[in-house]
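Participant: Here it is: the structure, laid out below.
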Amino acid sequence: MIVEKGEFKELKQDGGGIFKAIHASSTLEYGPNEVKTGTPINLYIMTNGILGDVILGKKIYMSFESVKEATAIDGKLILDFIENGIDNQIVFRIKNSNELNKVYNSIRQYCNLGYKEIEINYPTENIESIIPQKSKRQEEKERLKQLKKDHAPYCPKCHSISIHYIEKRKRLSMGRTIVGGAVGSLVNPLGTAAGAMMGGLTSNKMKKGKVKCLNCGHTWKL
Ligand SMILES: [Zn+2]
4 MIVEKGEFKE LKQDGGGIFK AIHASSTLEY GPNEVKTGTP INLYIMTNGI LGDVILGKKI
64 YMSFESVKEA TAIDGKLILD FIENGIDNQI VFRIKNSNEL NKVYNSIRQY CNLGYKEIEI
124 NYPTENIESI IPQKSKRQEE KERLKQLKKD HAPYCPKCHS ISIHYIEKRK RLSMGRTIVG
184 GAVGSLVNPL GTAAGAMMGG LTSNKMKKGK VKCLNCGHTW KL
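All residue numbers for the sequence shown refer to the numbering used here, where the first residue is 4 and numbers rise by one.
Here is the structure:
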């Protein structure tokens, strides 16, 4: 696990050099006694293994064969590995989720562990906000059920009961008056045609009989 500087240099070269490696900035969360918790470590996934470079400090190396499991959860990379026949564990904290993702996936690939999605632990406050949303949806479902039972009219789009029946004659005459007035004052030769068109459209609509939702504005045929 802890390697000498000379050996580390060789491993770096054999592994294709750090510029070709997959890199993540990490801090040690749990690991060998020789490295303090919280120490910044540059993590490199090379072709020959995993290298951890503590600047001006100890160097870490793990072969892919020694890694038995890799887990990524909550900004942490957990590696279970075997050292001198004994089960061991090292945990790196990687803040950048993109870096964590890349390092994690490449380790799983190199170690032949297969694909596994990163585990996400939602903070407790998030879980609490998800639960009321579910019960709200349930409430809405039950309300709708009751409306159907009562044969109460409601908007098919938003299920609001604030709906407005559009009266045929009133809307028709109002529309004509407004359009007519506008045409007269603007003296627009196209206005008459537009007015007739609008009038026609309105009366067509009215023949079918419409209802308008006062909540979302959706209109539908009766
Ligand atoms: Zn509506």
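Beta carbons are placed, not taken as given, at the ideal position from N, Cα and C, and that holds for glycine.
#1: In the segment 12-71, which residue ranges form an unbroken beta strand (DSSP E) of at least 3 residues, counting only runs that do not cross its ends?
#2: Please classify Ile58: is it buried, with 16 or more other beta-carbons within 10 angstroms of its beta-carbon, or exposed?
#3: So what does DSSP say about Tyr107, is it helix, strand or coil?
#4: Residue range of the beta strand (DSSP E) that Cys114 falls in?
#5: Following a CB-centred definition, is Asn218 positioned closer than 7 Å to any heavy atom of ligand 1?
#6: Have a look at Lys105, Met49 and Ser163 and flag the residue whose alpha-carbon is nearest the alpha-carbon of Ala75.
#7: For Glu122, which three-state DSSP category applies?
#8: For Val214, which three-state DSSP category applies?
#9: Report the partner residues of Arg256 according to the DSSP bridge assignment.
#10: Could you tell me the distance, in whole angstroms, from the CA atom of Asp83 to the CA atom of Glu13?
#11: Applying the criterion that 16 or more other CB atoms from any shown protein chain within 10 Å of the CB defines a buried residue, is Cys219 buried or exposed?
#12: Counting C-beta neighbours from all protein chains within 10 Å, is the total for Phe228 16 or more, i.e. buried, or is it exposed?
#13: Give every residue of the same chain whose Cβ lies closer than 8 Å to the Cβ of Ile25, excluding the five residues on either side of it in the sequence, and list them in chain order.
Facilitator: So, to answer that:
#1: 25-33, 43-49, 52-56 and 62-65, all fully within the segment 12-71.
#2: Under this definition Ile58 is an exposed residue.
#3: In the displayed model, Tyr107 falls within a helix according to three-state DSSP.
#4: Bounds of any beta strand (DSSP E) do not take in Cys114, whose DSSP letter is neither H nor E.
#5: Inclusion of Asn218 in the 7 Å shell around ligand 1 follows from its C-beta lying nearer than that to a non-hydrogen atom of the ligand.
#6: Closest by alpha carbon: Lys105.
#7: In this structure, Glu122 counts as strand in the three-state DSSP scheme.
#8: Note: Val214 maps to strand in three-state DSSP.
#9: Residue coverage of the chain in this structure runs from 4 to 225, which leaves residue 256 outside it and unanswerable.
#10: If you take the alpha carbons of Asp83 and Glu13, they lie about 25 Å apart.
#11: Cys219 is classed as exposed because its beta carbon has fewer than 16 other beta carbons within 10 Å across all chains shown.
#12: Outside the modelled stretch of the chain, which goes from 4 to 225, sits residue 228, for which no answer is possible.
#13: Within the same chain, Tyr47, Ile48, Lys105, Val106 and Ser109 come within 8 Å of Ile25 by CB-CB distance, once the 5 residues on both sides are set aside.
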